[in-house]
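Working notes, structure below.
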Amino acid sequence: MRRKTVAIVGAAETTRLGVIPDVSQIQLHADAALNAMADAGLRPKDIDGVATAGETPVQIAHYLGITPTWVDGTSVGGCSFMIHVRHAAAAIEAGLAKTILITHGESGRSRVGNPSRSVPPSSLQGQFEQPYGPMGPPSLFTVPVLRYMKTYGVTEQQIAQVCVVQREWAGKNPRATFRNPITTDDVLNSRMIAWPFRLLMCCLVTDGGGALILTSADRATSFPRKPVYILGTGESAETPMVSQMEDFTSSRAFRVAGPTAFREAGIAHKDVDHLMIYDAFAHLPIYGLEDLGFLPRGEAASFIAERNTAPGGKLPLNTNGGGLSYMHSGMYGMYALQESVRQMRGIAPAQVDDAKISVCHGVGGMFAASGTIVFSNEAP
Amino acid sequence: MPEPARALPQPTPETQHFWDGTREGELRLQRCDACGKVYFPPRPFCPTCASRKVSVFKASGKATLWSYVIHHRPVPGFTPPYAIAVVQLAEGPRMMTNIVECPQTPEALVLDMPLEVGFEKQNDNITLPLFRPAKG
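As given, the protein sequences belong to chains A and B, one line each in that order.
Using the working numbering, you'd call the opening residue of the first sequence number 408 and step up by one each time.
Using the working numbering, you'd call the opening residue of the second sequence number 57 and step up by one each time.
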């Protein structure tokens with residue numbers, strides 16, 4: 408099914424991003440939601456659908472004073488919000504709700520009102536991964552990469568280049584956490600976390616949030632902001648255990664979600680003006696470019712190192728600076744979506760000239776799940 | 057004061073045979089009686105064809121080093137740097153483990169090197185399967 412009937416009419420991040428020790432997690436959701444409602448000229452009584460992750464949609468609806476006819480609590484990690492966009496578009500088309508709010512808030516750094524996410528020892532991860540000494544994503548999400556490097560002859564220097572290029576984009580974004588230029592040597596000389604991954608190859612840990620408001624395309628033109636249309640969407644899931652990925656050089660969830668969204672949108676890769684690929688770690692843009700079909704297997708690292716995704720390059724990628732430099736609260740997908748919306752509205756700090764189609768690709772867990780959205784600023 | 061211990065598994069009815077096996081010095085996998093697929097982690101049905109007719113068998117314990125990181129941060133029960141590895145078992149499945157009796161360096165830990173299973177007792181209930189460079 409080709410989906411052309413839903414648009415984003417409200418979008419905002421939290422008032423502040425970074426270190427916010429004086430605001431709890433649910434209030435970060437609310438701050439972003441209030442900003443998005445103001446952006447769309449709406450109040451809580453105008454919202455009839457709520458989707459969120461991290462908190463439940465019940466908590467968010469109650470806290471904001473919303474009476475929903477539709478809720479979605481899909482919580483599959485950082486791409487949950489891409490999947491919420493997909494589900495919300497389907498719900499609006501099906502008439503289950505008219506105006507849907509998607510919220511994210513996470514006190515990832517300050518951990519104020521932030522429930523712990525410990526792994527139960529009886530879960531499969533608890534039995535078959537945790538006993539071997541991982542400590543969260545930096546020591547798990549990175550496990551497949553040596554196999555990728557050996558298979559395609561990719562070097563640590565090339566992976567470090569991903570971080571260098573994204574820092575260039577971050578330098579153009581006043582709200583980015585890290586904006587100073589860095590070199591490949593800076594990346595390789597930064598503190599070792601989980602060899603071959605150094606500190607600067609790992610995402611930030613910050614506080615913040617974001618929210619989106621969706622409605623049908625026929626209503627979208629009566630809102631204050633330029634509508635951003637949803638052309639196509641995709642989602643998938645593979646495994647909660649990174650050790651059980653089918654292929655350590657490629658994500659099955661990416662290979663399902665991405666092409667599904669492209670097919671639904673009816674676009675080709677050459678049509679894409681702007682691209683976001685969730686970068687919790689430096690290898691994610693490499694896997695994403697290949698699994699979404701932008702490049703043959705094994706070619707993405709050199710493509711990035713040759714500055715094709717850098718400012719002035721032919722495929723602007725992660726133009727906010729990404730999870731590596733802009734911000735990363737834990738579930739970064741919402742910030743990638745916000746940057747796609749800014750680019751389609753034409754208001755991004757590092758605006759891509761004449762961009763008409765933006766693809767936003769998210770990962771959840773450690774290659775556990777995926778969601779992809781194709782946006783356009785032109786009415787379909 | 058005792059050293060803080062590493063995280064230990066809490067077996068479930070569906071995985072108990074695996075942990076009984078490691079306690080007895082065996083690496084036990086499951087094979088589908090219908091389609092022949094060998095799979096891991098444990099569950100009482102085949103994830104390929106959904107048959108409930110599956111058998112537990114003793115694996116060879118032979119493996120190769122598939123991928124890893126060398127972790128440099130402190131974790132209870134570990135002295136950094138140490139490798140968190142995934143091994144390719146001879147029977148087909150992969151599993152996460154640690155590599156023992158081997159320097160925890162990129163030079164010593166070479167992808168595709170042959171490994172063999174060993175067993176490290178944690179307490180009366182739990183023994184972990186760890187892998188070391190193959191001797192033969």
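Positions of the beta carbon are idealized from the N, C-alpha and C atoms, including for glycine.
Predicted, not measured: the structure shown is a model, and the values here were computed from it.
| query | result |
| --- | --- |
| Do A:F661 and A:S777 have their CB atoms nearer than 7 angstroms? | yes |
| Quick one, which of B:I182, B:V131 and B:A141 has its alpha-carbon nearest B:M169's? | B:A141 |
| Cα separation between A:T584 and A:I600? | 20 angstroms |
| Assess contact between the stretch 447 to 461 of chain A and the stretch 474 to 494 of chain A, defined as three or more Cβ pairs (one per stretch) separated by less than 8 angstroms. Is contact present? | yes |
| List the whole-angstrom C-beta distance separating A:A668 from A:A419, where the pair is believed to meet the contact cut-off of C-beta under 8 angstroms. | Wrong, their Cβ atoms sit about 24 angstroms apart, outside the cutoff. |
| Just the chain A side, please: which residues come within less than 7 angstroms of B:V142 by C-beta, in chain order? | V550 and S650 |
| Should A:G540 be flagged as near chain B, meaning a C-beta pair shorter than 7 angstroms? | yes |
| Reducing DSSP to helix, strand and coil, say where A:G486 ends up. | It should be noted that the sequence gives Cys, not Gly, for residue 486 of chain A. Residue state, collapsed to three classes: coil. |
| Going residue by residue through the stretch 657 to 742 of chain A, where are the continuous beta strand (DSSP E) segments of at least 3 residues, counting only ones entirely within it? | 681 to 684 |
| I'd like to check one pair, A:F774 with A:V649: are the Cβ atoms closer than 7 angstroms? | yes |
| From which residue to which residue does the alpha helix (DSSP H) around A:P464 run? | P464 to L471 |
| Is the shortest distance between the beta-carbon of B:L167 and the beta-carbons of chain A less than 7 angstroms? | yes |
| Can you tell me which residues form a DSSP beta bridge with B:M151? | B:V143 |
| Helix, strand or coil: which one does DSSP assign to A:P538? | helix |
| Whole-angstrom Cβ separation of A:M683 and A:E642, contact assumed at under 8 angstroms? | That pair is no contact at about 16 angstroms. |
| Can you list the residues of chain B that A:G533 reaches, using a CB-CB cut of under 8 angstroms? | A63, P65 and Q66 |
| For A:N504, which residues of its own chain have a beta-carbon under 8 angstroms away from its beta-carbon, when the five flanking residues on both sides are left out? | The sequence given here has Ala at residue 504 of chain A, not Asn. So the qualifying residues of the chain are D455, G456, P475, T476, W477, A495 and A498. |
| For A:D438, count the other beta carbons within 10 Å of its own beta carbon; 16 or more makes it buried, fewer makes it exposed. Which is it? | buried |
| Would you decide whether B:P130 is buried or exposed? Buried here means 16 or more other CB atoms lie within 10 Å of its CB. | exposed |
| Measuring straight from C-alpha to C-alpha, what distance separates A:F548 and A:S629? | 43 angstroms |
| Quick one: using the 10 Å Cβ neighbour count with 16 as the cut-off for buried, is A:M408 buried or exposed? | Only weak support exists for where A:M408 lies, its pLDDT of 44 falling under 50; the value from the coordinates is given anyway. Result: exposed. |
| What are the partner residues of A:F604, as DSSP defines its beta bridges? | A:A601 |
| Looking at the structure shown, is A:H511 part of a helix, part of a strand, or coil, going by DSSP? | strand |
| Measuring straight from C-alpha to C-alpha, what distance separates A:E500 and A:V413? | 8 angstroms |
| Less than 7 angstroms between the C-beta atoms of A:G665 and A:T779, yes or no? | yes |
| What does the Cβ neighbour count give for A:L724, buried or exposed, with the cut at 16 atoms within 10 Å? | buried |
| Less than 7 angstroms between CB atoms is the rule here; does B:V131 satisfy it with respect to chain A? | yes |
| Which residues share a DSSP beta bridge with B:P162? | According to DSSP, which records beta bridges pairwise, B:P162 is partnered with nothing at all. |
| Using a Cβ-Cβ cut-off of 7 angstroms, state whether A:M599 counts as contacting chain B. | yes |
| For the stretch 560 to 648 of chain A, list the alpha helix (DSSP H) runs that are entirely contained and at least 4 residues long, ordered along the chain. | 563 to 577, 591 to 596 and 624 to 627 |
| Among B:L171, B:F187, B:T183 and B:P60, which one has its Cα closest to the Cα of B:E80? | B:T183 |
| Count the other CB atoms within 10 Å of the CB of A:S517; is the residue buried (16 or more) or exposed (fewer)? | buried |
| Please go through the same chain and pick out, in chain order, the residues whose beta-carbon is closer than 6 angstroms to the beta-carbon of B:L167, but skip the five residues on each side of it. | L121 |
| Using only CA atoms, which one of A:G737, A:G425, A:L449 and A:L722 lies nearest to A:P522? | A:G737 |
| Going along chain B, which residues have a C-beta under 8 angstroms from A:Q537? | A63 and P65 |
| So for B:H128, helix, strand or coil by DSSP? | coil |
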